[in-house]
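Reading through the structure tokens given below for one structure.
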Amino acid sequence: MIGVIDYRAGNAPSVYNALKKIGGEVLMVNTAQDLEKIRGVILPGVGSAGATMDSLTEMGILSPLEEKVRGGSMPFLGICIGMQILFEHSAEGDIPCLGWLKGKVTRFDKRRVRVPQMGWNEVRFCREHPLVENMGQSGHFYYVNSYHVNPADENDILAVTDYDGDFCCMVQRDNIMAAQFHIEKSGPLGLKLLANYLRLVEGGQPSC
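Numbering (the numbering used here), first residue to last: 339 to 546.
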């Protein structure tokens, strides 16, 4: 079963519905106890990094989530803000984040590009991984973001997108995976990526 963390700053219902559409068994995670019932966890997000961190703190879920993901081997998938808060610091509100990955989150330069970035943009996969298997070398996904991550370790980068130059739009380290774009709003390719995640959680290899 896949758990989707349901918090007030999130986009959990859309992710839940997308997973159900592809036949996933899904649970809305509202408490730390819910983490005991699932094999993989997705943290979606809209809004600000600060509101997300506050919501997760109020839920009392941060420590048990870290224990399951970093202390254990539960596959984690972050979406949008769920990717940004994986890093050490966000310029949005000048706040510390989870720090599961080294790096920081910075804002696009509004003097050079429209902020936020809204709409479809090409994602180029940098390396192979079961999460993006059988998806070719690139594809178009849907974005709504004013900030982007800057990983300290280039080995964490799974994909990039060009918006005022290349920026990291997907990361992966061990069982931690995340995407800046909205997987659940990205049509057939987004559903295929979620299907890959489901197979990964189940311990199998994604197929065509």
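Quick reminder that beta carbons are idealized off the backbone N, C-alpha and C, glycines included.
This one's a predicted model, so the numbers in the text were calculated from it and none came from an experiment.
Cβ of L439 within 8 Å of Cβ of P402?
No, these two residues do not count as a Cβ contact at 8 Å.
May I have the straight-line CA-CA distance separating F479 from R445, to the nearest angstrom?
Looking at the two C-alpha atoms, the distance is approximately 20 Å.
Element boundaries [beta strand (DSSP E), containing P468]:
For P468, no beta strand (DSSP E) encloses it, and the DSSP letter there is neither H nor E.
Please look up how many angstroms separate the CB atoms of Y535 and L415, rounded, as I've assumed it's under 8 Å.
Y535 to L415, Cβ: 5 Å. Contact.
In the DSSP output, which residue or residues are listed as bridge partners for T499?
Answer is F505.
Distance, Cα to Cα, C547 vs H486?
In this structure the chain extends from 339 to 546, so residue 547 is not present and cannot be described.
When burial is assigned at 16 or more other CB atoms within 10 Å of the CB, is P351 buried or exposed?
With fewer than 16 other Cβ atoms within 10 Å, it is exposed.
R537 - containing alpha helix (DSSP H), residue span
Residue range 525 to 539 is occupied by the alpha helix (DSSP H) that includes R537.
In the DSSP assignment, find the unbroken beta strand (DSSP E) run with P489 in it and report its ends.
Where P489 is concerned, the enclosing beta strand (DSSP E) stretches over 485 to 489.
On the three-state DSSP scale, how would you describe Y345?
DSSP places Y345 in coil when its eight states are reduced to three.
Straight-line CA distance for E426 to Q518?
If you take the alpha carbons of E426 and Q518, they lie about 16 Å apart.
Pairwise C-alpha distance: I423 and G378:
Roughly 18 Å separates the two Cα atoms.
Here's a check: name, in chain order, each residue in its chain whose Cβ is nearer than 7 Å to the Cβ of L400, leaving out the five neighbours to either side.
These residues qualify, in order along the chain: L394.
Rounded separation between P413 and D502 - CA only
Straight across, the Cα-Cα distance linking P413 with D502 is about 32 Å.
Close-in-space but distant-in-sequence residues of the same chain around L531 (CB under 6 Å, 5 per side omitted):
So the qualifying residues of the chain are I521.
What is the DSSP secondary structure of K442, counted as helix, strand or coil?
Correct three-state label for K442: strand.
Alpha carbon of L527 to alpha carbon of A356, nearest angstrom
Between the alpha carbons of L527 and A356 lies a gap of roughly 12 Å.
Have a look at D344, T369, I340, P382 and flag the residue whose alpha-carbon is nearest the alpha-carbon of G362.
Comparing C-alpha distances from G362 to each of D344, T369, I340, P382 shows the shortest one belongs to I340.
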